[in-house]
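All residue numbers for the sequence shown refer to this note's numbering, where the first residue is 1 and numbers rise by one.
Here's the structure, in structure tokens; my notes come after.
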Amino acid sequence: MPTTSGRCAAGERPPPPFPPFRPEEAGPGPEDGIEQGKRLIRIADDKGLSLAQRIANRFYLLSWKTPIHGRRLKGKYPLKLLAVPDDEIPGNAHAGQAIRAGYFLFRGLKLPLDRLDFANPGVTAGFADYLHGFHWLRDLATVATREQAAPIAEGVMRKWLAAHADTPSEPAWRADNAGWRLLFWSAHAPLILSSSDLVYRSLVLNCIARTARHLDRSADKAPVGLPRLVAWGGIVAASMLLPGGAARKLFGEAGLKRALDSGLHGDGGIISRSPLDQLEAIMLLTMVAAVYEVRREQTPALLKEALAKAVPALLGLTHGDGGLGNWQGAGAIDPATIDAVIRASRVRARPLRQANGWGYQRLAAGGTVVQVDAAPPPVAQLADAGCASTGAVEISDGQQRLIVNCGGAALEGAWMPRDLAQGLRTTAAHSTLVLDDSNSTALLPDGTLGKGVTEVEINRQETESGSRLDLSHDGYVRRMGYVHRRLLLMSADGKEIRGEDMLTPAVRRRKPVKLPVQLRFHLAPGVEPTPTADGMGALLRIDTGATWQFRANAGKLAIEESLWVDAQGRPHGTRQLAVTSEALPGGSTVGWLLKKVS
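In structure tokens:
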């Protein structure tokens, strides 16, 4: 019988060799003893759970403290996987080839498999999560057949079990890592359960069951947002992939609904405001939906509705090339990855233009796309790499990016040391106004976000002549007495973008004094600036042939060095336009123009 340590007790018959799963064997079975047509169902409304569900959830929770749970663990149901869900999202081929070559590769960092010690891997936090969450199984499966990949996966799996099967500890058993691990173990079960070693296979299956029990207790303790979503997603998947999961399914779906309600804004954007988290949330929901599909069960409305909102929100941050903008620590995630995730989600939608909850605005006309950060940064507890980027813009012309943010603060690795990552969270690393060389929201010495922007006012209008976006924030009010207001106007053909950055004295605050101002526009790789003779403008030549003109009506323009971070956390040298001016106690304005001239 399976025990809480995850091993077989004396006299237990090990499970048979791992068979290929057939669709006809993966459908709902009679193991719960409920006749067809007499199952508990959800009341079709938006107010929460039915009375039957609440009773079932309560019973499931109470059963942990009674002999009922012990009987469940002592072999009432044979321990096996009922199905293997499809993972339609391709992995990273370079990382997969590296594993086949004998080492893990993560953001430029290498870890040889023969030196892998799961008790103390000695890698960055992100790398450790990649290992403990078994995300690498997807990468390996992308470049190898089952016969090629299974021996490698089994070798790594044995090392992980030796270090962590008996003694739960963090980060290995942190709720989100446990949730991802359960999902990847089940989706790629043939890679870890093809062994003829019955003792090993029994240990793997027992550890899967133990992971589910661990999540039952820890999911609601995970931080709100993506970590809690992953934990509850793992519970829902386990309820359908392990025998006797009817009660757990009701419990899991109720928890997942709560996690979605607290973790996503009404417009579908995740509360951390991170495009990386948004992408992973869609991946998660897609993997959970695949479990329903392989078990031939109807995908619940809560999943469909969440995906239907989350996908347009993500697409709202795509540029003309299909890749994501550099927001809240993300790098420029490539178009192929975005396309693969959207296809797997089976959601077809247009980009969301106004995400007032998530906090991004999108202006699009002709071939031009303008993205704007129109909200305060996420609260410190929700994002380790939150950025002081309120009011910043990114602009693309067709397939080519023109104005960008540096990005990459969340991508610590071989090319992204911690000190550089912290620097890329500052206001100066974004295409917006910087007052007195200070951040609009403070970055504290421990890396958390402090006081700054608490309120953003937005007024948007769409007319036949184009788009108008007017936003203001209070990030500099408490310390310096100024409100920053940014007005953006884009023509109907997308060939002209006008901006005004205004600093006005705040009502009932300390009297402002004269302070230096810099207006920064970071240029994308492949954009070559040439200053005009009067020092007030520049020609921006894109290597694809297009040319844009930049002009400022105040201050002095300088061209300085900058950098831009790609999806792997690799910085690329580029340039930036820096307009230097002054904030005056009576108020001041810097106007600017971007116009496509060829």
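Where is the CB? At the ideal position from N, CA and C, for every residue including glycine.
Quick caveat: nothing in here was measured; it's all calculated off a predicted structure.
Please classify residue i: does DSSP put it in a helix, a strand, or coil?
| i | result |
| --- | --- |
| His-265 | coil |
| Ala-552 | strand |
| Thr-142 | helix |
| Arg-181 | helix |
| Lys-221 | helix |
| Trp-327 | coil |
| Gly-537 | strand |
| Thr-337 | helix |
| Ala-349 | coil |
| Trp-564 | strand |
| Gly-255 | helix |
| His-603 | A query on residue 603 cannot be resolved here, the shown segment of the chain reaching from 1 to 598 and no further. |
| Gly-233 | helix |
| Arg-115 | helix |
| Gly-408 | coil |
| His-522 | strand |
| Ala-414 | coil |
| Phe-134 | coil |
| Asp-437 | coil |
| Thr-299 | coil |
| Gly-108 | coil |
| Cys-208 | Per the sequence shown, the amino acid found at residue 208 is Ile instead of Cys. It is helical. |
| Ile-458 | strand |
Label residue i either buried or exposed according to how many other C-beta atoms from any shown protein chain fall within 10 Å of its C-beta, with 16 as the threshold for buried.
| i | result |
| --- | --- |
| Gln-461 | exposed |
| Asp-117 | exposed |
| Glu-561 | exposed |
| Asp-216 | buried |
| Asn-177 | buried |
| Ala-149 | buried |
| Val-597 | exposed |
| Gly-29 | Because Gly-29 carries a pLDDT of 39, less than 50, the predicted location of this residue cannot be relied on, and the following value inherits that uncertainty. Flag for Gly-29 reads exposed. |
| His-473 | buried |
| Gln-361 | buried |
| Gly-545 | exposed |
| Gly-252 | buried |
| Val-513 | exposed |
| Thr-286 | buried |
| Ala-85 | Note on residue identity: the sequence assigns Pro, not Ala, to residue 85. Per the 10 Å Cβ criterion, buried. |
| Val-393 | buried |
| Arg-520 | buried |
| Ala-533 | exposed |
| Glu-305 | exposed |
| Leu-241 | buried |
| Gly-102 | exposed |
| Gln-275 | The residue asked about is misnamed: residue 275 is Pro in this sequence, not Gln. Looking at its Cβ environment, which holds 16 or more other Cβ atoms inside 10 Å, Pro-275 is buried. |
Would residue i and residue j qualify as a contact pair, given that the criterion is a beta-carbon distance under 8 Å?
| i | j | result |
| --- | --- | --- |
| Gly-320 | Ile-333 | no |
| Ile-152 | Arg-100 | yes |
| Arg-541 | Leu-593 | no |
| Ser-431 | Gly-475 | no |
| Ala-388 | Gly-452 | yes |
| Lys-221 | Ala-175 | yes |
| Ile-497 | Ile-395 | yes |
| Leu-449 | Leu-443 | yes |
| Gly-179 | Val-224 | no |
| Leu-557 | Met-536 | yes |
| Leu-81 | Ala-189 | yes |
Taking the alpha carbon of residue i as the reference point, which residue from the options has its own alpha carbon closest?
| i | options | result |
| --- | --- | --- |
| Gly-391 | Gly-331, Ile-342, Leu-471 and Ala-340 | Leu-471 |
| Val-456 | Ala-246, Glu-305, Thr-463 and Leu-469 | Leu-469 |
| Asn-459 | Met-240, Val-372 and Leu-444 | Val-372 |
| Asp-501 | Thr-589, Leu-584 and Ala-301 | Thr-589 |
| Pro-227 | Val-199, Ala-246, Ala-259 and Tyr-200 | Ala-259 |
| Thr-211 | Gly-316, Ser-169, Ala-554 and Lys-110 | Ser-169 |
| Asp-446 | Gly-386, Tyr-482 and Gly-96 | Gly-386 |
| Lys-159 | Asp-419, Gly-126 and Asn-120 | Asn-120 |
| Arg-401 | Gly-122, Leu-523 and Lys-309 | Leu-523 |
| Leu-515 | Met-490, Trp-564, Gly-357 and Pro-585 | Pro-585 |
| Gln-518 | Ser-491, Val-477 and Asp-437 | Asp-437 |
| Asp-397 | Thr-145, Leu-352, Ile-338 and Met-490 | Met-490 |
Is residue i near the ligand COA, with its Cβ less than 7 Å from a heavy atom?
| i | result |
| --- | --- |
| Arg-541 | This structure simply doesn't include the ligand COA, nor any ligand for that matter. |
(message) Counting beta carbon pairs with one atom in the region 338–349 and one in the region 366–379, are three or more of them shorter than 8 Å?
(response) Look at the beta carbons and you see the region 366–379 not touching the region 338–349: under three pairs across the two are nearer than 8 Å.
(message) Within 8 Å, do at least three Cβ pairs link the region 567–574 to the region 404–414?
(response) Contact annotation: the region 404–414 touches the region 567–574, with at least three C-beta pairs closer than 8 Å.
(request) Say whether the region 374–393 touches the region 296–303, bearing in mind that this needs 3 or more beta-carbon pairs closer than 8 Å, one atom from each stretch. (result) no
(message) Could you check whether the region 228–238 touches the region 170–187, counting it as contact only if at least three pairs of C-beta atoms, one from each stretch, sit closer than 8 Å?
(response) yes
(message) Check whether the region 156–168 and the region 196–204 touch, using three or more Cβ-Cβ pairs below 8 Å as the test.
(response) yes
(message) I want to know whether the region 412–427 touches the region 579–589 - three or more CB-CB distances under 8 Å.
(response) no
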